[in-house]
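The opening residue of the sequence shown carries number 689 in the numbering used here; numbering runs sequentially from there.
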Amino acid sequence: MLLIMACVLGATAAYLGLAIRLFKDDKTQLVYELNAGTVKTLSAEVEAVLLKYVDKVKLLTQGHQSADWTTTVFENEPDLIAFSLYRQGEQPSQWERLSSVRNKDYLKLYGLSATEVDKLREARPIPFAKALAKGQVVFNSTVPGGAPILSLAVAMDVKGRAGAHVAVVDLKVDRFLKMMGDRGIVSVFMVDDEGKVLVHSDAALMASNSQVDNEIVRQAVDSPVGFQMKRFEWKETRWLGAYQNVKVGGLIVIGQAEEETAFLAAKKLIQKSLLFAAIIVTVSLLISGWQAGTFTQPLNKLVEATEKLKEGEFSQSIHVDTKDEIARLATAFNTMATDIQRQQTELKASKADLEIKVKERTSALEAQKTKASEAQDALLRTTRLAALGELAGATAHEVLNPLNNMNIRVEKMKKRLSQIDANNLEVMHQIVDGWKKSYAEGGWDLLQKELSKTVDGGKKLLEEDLDNLATISREEKKKLKDDQDDVDFLIKEMTRISRMVNGMRSLSRVGGERKPLDIHVPIEDTLAALSDLIEKRKITVIKEFGAEAKDSYVITGDRDELVQVFSNLLRNALHAIDAAKRRSGEIRIATKLTQGRIEIRLTDNGTGIAAQHVAKVFEPTFTTKSVEEGTGLGLSISRRLIRAFGGEIEIETTTAGVGTTFLVWFPVQSAAKASG
Ligand SMILES: Nc1ncnc2c1ncn2[C@@H]1O[C@H](COP(=O)(O)OP(=O)(O)OP(=O)(O)O)[C@@H](O)[C@H]1O
Ligand SMILES: [Mg+2]
């Protein structure tokens, strides 16, 4: 398609180019060129033909004695009319004909006998001298009213024969006339080197063998130059002429055209060209229009389809009727759209698949999460139970010991109580009953009388009664003292047990109520609760609380549990100061805000913790204290509570004999939460 377009446009351009050139250039020049071209081509053709005959002449010369063979040559060469071989005689102008062969058919055609032919030859003598001088010469053998004949004389040596020889062939002019044939506005003819007509379409002129007398012919004859063009006037008209020498036989091809005719022709050519160009342009435009239609329509379709494709409409396909590149493009587009649609469908399917999988995986994860949190709860419970179990095991004998002691004491008390009933009460009753009876029977006198009686051992009854009562009272007083001691012991043991049990309860407790509160509140409360103990030991408490606003120190926790934590820590500090026997005990409590943490540092100048114990102090039941002094649960309970509020407790520094610093920290809560 594109190729056709290109061709059409190319042709148009070429024609337009020619037309423009015709308008612009010198028309004379153009006609000259036309003329010159004609004579040049023609002369070349003539030369080739003549050369062929020169060869033929040589052949015929060699075989002229065999008449049969020569006849065969004639049969095969219809343009050959006759062949004759001449030898120069004693006199240079005397020539003897050695042999002669003629085309009988041709003679027959013209109704000529051999003698008549020879006669005709006399009218047109062979230019032997010229032939000898130039080697070959072409001359006109036509006579008025006779057949048009062109002859070629070739000078040559004949084997085995002395003297100069000239071979002559007579040729039909038909072939040359045909060659000169239709040359348009240019009329062509041939002359010899004297300007005499050799071949001319005008038979009369040819038969006359006359000289053509015009400027171009004169120029051709006179000039040593083999080719020329010339503008000249002849027979009252202006001509454009050109000649070209043929290299064989002194023959010259002349071409001439009447200037007016030439210009007219050029004008016509221009007109024709313009018309043709107009037609071509119109056709081109039509074709272009049609082409544009056939191009743009499917292209528009393609653009439209691409737009739709961009918007996600993949189901469309383009139909193009042509079988060109556009159609191939459309097919490629359709394939692409189908591919995209297929991929889209696959993508959707895999997306849906993926979504399902994600959902499945999510719900599986949810389930796993639930299970995990259940498991974690279970683990926590188990851990707590295990801790409790461990604790219970570890502390069982601690609880059982005091219980056994208590049991023994209670048994003793019971025994003492029963002894009171059996002896002393009986004695007291007898005394009191005797006194009551005497007073009732005889009043004060009888009672006095009875009490004054002497009993065993010389003592008066009153003395004995009073002695007995004093003894009983003394005994009871002693028993009472024992009872009091036992009760004190029992109370102590019971306190210990209750501390143990409380500790265990703290460990198993899930956690108290959580509220935002300023961490300084439980610290101050604990200090207040322990103020007696602190003052009694003359311990200095230094408070270094952070200067930030109070609501910066808000944590979420339970006040009572935090009091329990600080109480444990302060009690430990007091104990360590006691144990270190410090004269001036000192406890420093500092609070500080750092990197989203509320830090509380509790420093004492107590004993410090021995290196081998540092790792163990948070273990439940680990204690260095006596049974009466500690359970070993304080720090483990404290840590549990602190962690429950998102915090942590650690020993920051401890040096044996110097003191210890515990660091407790909690994450900072926002002020909004605190106020809420
Ligand atoms: N401030 C301290 N200075 C030196 N040693 C300490 C200090 N605090 C704790 N300890 C050591 O850590 C051990 C464990 O302390 P924890 O509070 O857990 O139990 P306890 O004090 O021994 O017993 P309870 O707390 O039941 O009275 C203590 O026995 C003591 O050896
Ligand atoms: Mg403690």
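Using N, Cα and C, we set each Cβ at its ideal position, and we do this for glycine too.
Runs of the beta strand (DSSP E) spanning 3 or more residues and lying entirely within the region 756-837 occur at 768-776, 783-790 and 824-828, in chain order.
As DSSP reads the structure, residue 964 sits in no beta bridge. In terms of side-chain proximity, the C-beta atom of residue 1294 is found no nearer than 6 Å to any non-hydrogen atom of ligand 2.
From the listed residues 926, 820 and 905, the smallest Cα separation to residue 882 is found for 905.
Between ligand 1 and the CB of residue 1323, the shortest heavy atom gap is smaller than 6 Å. Of the candidates 782, 806, 793 and 880, 782 places its Cα closest to the Cα of residue 852. Distances from the alpha-carbon of residue 860 to those of 875, 842, 870 and 891 put 891 closest. With a threshold of 16 other beta carbon atoms within 10 Å, residue 888 meets it and is buried. Taken atom to atom, the span from the alpha-carbon of residue 1245 to that of residue 1103 is near 52 Å. Boundaries of the beta strand (DSSP E) harbouring residue 853: 853-860, taken from the DSSP string. Ligand 2 approaches residue 1260 closely enough that one of its heavy atoms is under 6 Å from the residue's Cβ.
At a threshold of 6 Å, residue 1279 does not count as near ligand 1, since its beta carbon sits no closer than that to any of the ligand's heavy atoms. Under the DSSP assignment, residue 1224 falls in the alpha helix (DSSP H) whose first and last residues are 1219-1224.
By the C-beta density criterion, residue 774 is buried, having at least 16 other C-beta atoms within 10 angstroms. Annotation: the continuous beta strand (DSSP E) that includes residue 875 extends over 875-879.
The beta carbons of residue 1149 and residue 1137 sit no closer together than 7 Å. Taking a contact to require three or more Cβ pairs closer than 8 Å, the region 1216-1234 and the region 1328-1348 do not qualify as touching. Taking non-hydrogen atoms of ligand 1 into account, the C-beta of residue 1313 is found less than 6 Å away from one of them. In terms of Cβ geometry, residue 1119 and residue 1144 do not form a close pair [threshold 7 Å]. Taking all protein chains in view, the Cβ of residue 925 is surrounded by fewer than 16 other Cβ atoms within 10 Å, so the residue is classified as exposed.
The residue from 785, 842, 794 and 832 with its alpha-carbon nearest to that of residue 742 is 842. Rounded to whole angstroms, the separation of the alpha carbons of residue 1043 and residue 986 is 41 Å. Of the heavy atoms belonging to ligand 1, at least one sits nearer than 6 Å to the Cβ of residue 1318. Residue 1308 sits in coil when the DSSP states are folded into three classes, being neither helix nor strand. In the DSSP assignment, residue 928 is bridged to 919 and 945. When the beta-carbon positions are compared, residue 942 and residue 864 stay at least 7 Å from each other. Proximity of the beta carbon of residue 1256 to ligand 2 is indicated: a heavy atom of the ligand is located closer than 6 Å. For the 7 Å CB-CB criterion, residue 1294 and residue 1342 do not form a contact.
Per DSSP, residue 1238 is not a residue of any beta strand (DSSP E), being assigned neither H nor E. DSSP lists 1289 and 1338 as the beta-bridge partner residues of residue 1351.
Counting other Cβ atoms within 10 Å of its Cβ, residue 1125 stays below 16 and is therefore classed as exposed. Residue environment analysis places residue 798 among the exposed positions, since fewer than 16 neighbouring C-beta atoms fall within 10 angstroms of its C-beta.
Where residue 1276 is concerned, the enclosing beta strand (DSSP E) starts and stops at 1274-1282. Setting aside the 5 residues that flank it on each side, residue 1174 is surrounded in the same chain by 1097, 1098, 1100 and 1101, each with a C-beta closer than 8 Å to its C-beta; the list follows chain order.
The bridge partners DSSP lists for residue 1232 are 1278.
Here residue 927 is buried: its Cβ has 16 or more other Cβ atoms, across all protein chains shown, within 10 Å.
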